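Q:
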Amino acid sequence: MKGTPATAMPPGVEFLSAAIGWIYTIFWTVSYYPFLISNIRRRTTEGVSIDFCLLNLLGMASYAIYNTVLALSSTVRRQYAERYPNNPTPIIQPNDVAYAVHGLIISIVIYSQYYPRLWGFDTSRPHRISGWCSVAFWGSIFAALVGAFVAAVFPHSMSWMWLDVQNTNPAAHQVYLVGHIKTLLTLLKYAPQMWLNYSRKSTQGLPLLPFALDIGGAVLSLLQLVLDSAYSDQPAGLSNPVKLILANVTILFDIAFFFQRFVLYRGAVDDMLDAKRAPESRRLLDPEA
C-alpha cells in the first residue's frame with residue numbers, strides 16, 4: 035500500500051493514548067457488573083433481554099479472537115506489515131486485548147444467569163431465545179468456521195478477497211472476518227433490548243449505570259483511535275475499522291436507550307416486575323404473613 039510513512043508518536047502523546055485506552059477499558063469493564071449485581075439482588079433476569087446477552091457473548095468471543103490474534107500472532111502481524119509497509123504495526127493496544135478477554139469471561143457469567151437453577155433465581159417465567167437471534171448466532175459461527183476451513187485447506191487461495199479491500203493472505207482474511215462478525219453482532223445485539231423496552235413500555239429492571247459507562251468508554255475509545263491514527267499513514271476507518279464502528283454504534287444505541295429511559299418511558303413501571311415484588315414487600319412489612 036502506497037502512502038506517506040507513519041510519523042513517530044512523541045512520548046507524551048504515546049503516554050496520553052495509553053492512559054485514555056486504559057481509562058475507557060476500565061469504563062467498559064465496570065459496565066458489565068451492574069447487570070450481574072442487579073440480577074443477583076433481584077434474583078431474576080427480568081428486564082434484560084436474553085437475546086442481547088447471547089449476542090453480546092458471541093460478539094465478545096469474536097472481539098477477543100480479533101484483538102488477541104492481531105496482537106500476538108507473528109504470522110498475522112507479518113502479513114499486516116506486508117500489506118501496510120509504511121505502518122507495519124497493527125493499531126491494537128494492550129488495553130484492547132485486556133478488555134476483550136475480560137468481557138468474554140464476564141459475558142459468560144451473565145448469560146449463565148438465564149439458567150436460574152444455577153443461581154437460585156425465580157423460575158416462574160423462563161426466557162426463550164428468539165428465532166432470529168438463533169439464526170444470527172449460528173450463522174455467525176458457521177461463517178467463522180467456513181472462513182477457518184478455507185484459510186487452513188486453501189492457504190494460497192484468493193477466493194476470500196471480498197472479505198477485505200486489499201489482496202492479502204487468506205489467513206489474515208480470517209482475522210478480519212471475525213472482526214466483521216463482532217461488528218455485525220454489535221449492530222444486532224441492541225435491537226432486542228430496545229424492542230423489549232418498547233414492548234414493556236418500561237426500562238424497569240435495566241440498570242442505568244452500564245449505559246452511562248458504555249457511552250463514556252466509547253467516546254474515549256474513539257479519541258484514542260483518532261490520536262493513534264494521527265501518527266499513522268492510514269485514517270481511523272482503515273487502521274482499526276472494527277474499533278471505529280463499535281464505538282459509533284455503541285454511542286448511537288446508548289443515546290437511544292437514554293431517550294427511552296428519560297423521555298418515552300420516564301417513570302413507567304413493569305406490572306410483571308411489580309407483581310413479583312409485591313409478595314416480597316408484604317413479607318418484609320409483615321413477618322407473620
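With positions in the sequence shown counted from 1, the corresponding number in this note's numbering is that position plus 34.
Cβ atoms here follow ideal geometry from the backbone N, Cα and C, with glycine treated the same way.
Here the structure is a predicted model, which is why all the values come from computation and not from measurement.
Would you decide whether residue 159 is buried or exposed? Buried here means 16 or more other CB atoms lie within 10 Å of its CB.
A: exposed
Q: Only counting the same chain, and skipping five residues up and downstream in sequence, which positions put a Cβ closer than 6 Å to that of residue 252?
A: 281, 284, 285
Q: For a test of the three-state rule: what should DSSP assign to residue 148, helix, strand or coil?
A: coil
Q: Look at the alpha carbon of residue 265 and the alpha carbon of residue 182, and state the distance between them as a whole number of angstroms.
A: 33 Å
Q: First and last residue of the alpha helix (DSSP H) that includes residue 72?
A: Per DSSP, the continuous alpha helix (DSSP H) segment holding residue 72 begins and ends at 67-76.
Q: Alpha carbon to alpha carbon, how far is residue 256 from residue 54? Give it in angstroms, no decimals.
A: 10 Å
Q: Using 8 Å as the threshold, is the C-beta distance between residue 147 and residue 231 below it?
A: no
Q: In three-state DSSP terms, what is residue 275?
A: The answer is helix: DSSP assigns residue 275 an H, G or I state.
Q: Can you grab the Cα-Cα spacing for the pair residue 288 / residue 115, in whole Å?
A: 36 Å
Q: In whole angstroms, what is the alpha-carbon distance linking residue 315 and residue 106?
A: Model confidence at residue 315 stands at a pLDDT of 38, short of 50, so the residue's coordinates are unreliable and nothing is read from them.
Q: Mind reading off the beta-carbon distance from residue 222 to residue 47? Whole number of angstroms is fine, and I expect it under 8 Å.
A: Their Cβ separation, rounded to whole angstroms, is 36 Å, which puts residue 222 and residue 47 out of contact at 8 Å.
Q: Compute the Euclidean distance between the alpha carbons of residue 108 and residue 173, then round it to the nearest angstrom.
A: 29 Å
Q: With H, G and I counted as helix, E and B as strand and the rest as coil, what does DSSP make of residue 48?
A: It is helical.
Q: Less than 8 Å between the CB atoms is what I'm expecting for residue 86 and residue 250, so what's the real figure, rounded?
A: 20 Å between Cβ atoms; not a contact.
Q: Less than 8 Å separating the beta-carbons of residue 126 and residue 104?
A: A contact, by the Cβ cut-off of 8 Å.
Q: Output the distance between the C-alpha atoms of residue 227 and residue 247, rounded to the nearest integer angstrom.
A: 17 Å
Q: Indicate the three-state DSSP secondary structure (helix, strand or coil) for residue 240 in the structure shown.
A: coil
Q: I need the DSSP call for residue 235, collapsed to helix, strand or coil.
A: coil
Q: Using C-beta distances below 7 Å, list every residue in its chain close to residue 241, excluding the 5 sequence neighbours before and after it, in chain order.
A: The residues are 68, 69, 72.
Q: Note the first and the last residue of the continuous alpha helix (DSSP H) segment covering residue 93.
A: 84-106
Q: Okay, do the segment 153-167 and the segment 124-140 touch, 3+ Cβ pairs below 8 Å being the bar?
A: no
Q: Apart from the five residues just before and just after residue 58, which ones in its own chain have a Cβ nearer than 6 Å to its Cβ?
A: 251, 254, 255
Q: Is it buried or exposed, residue 131, if we count other Cβ atoms within 10 angstroms and call 16 or more buried?
A: buried
Q: Taking C-alpha atoms, which residue in 258, 236, 89 lies nearest to residue 168?
A: Distance check between residue 168 and each of 258, 236, 89 places 89 closest, using alpha-carbon atoms only.
Q: How would you call residue 149, buried or exposed, if buried means at least 16 neighbouring beta carbons within 10 angstroms?
A: Exposure of residue 149 is indicated by the presence of fewer than 16 other C-beta atoms within 10 angstroms of its C-beta.
Q: Does DSSP classify residue 120 as helix, strand or coil?
A: coil
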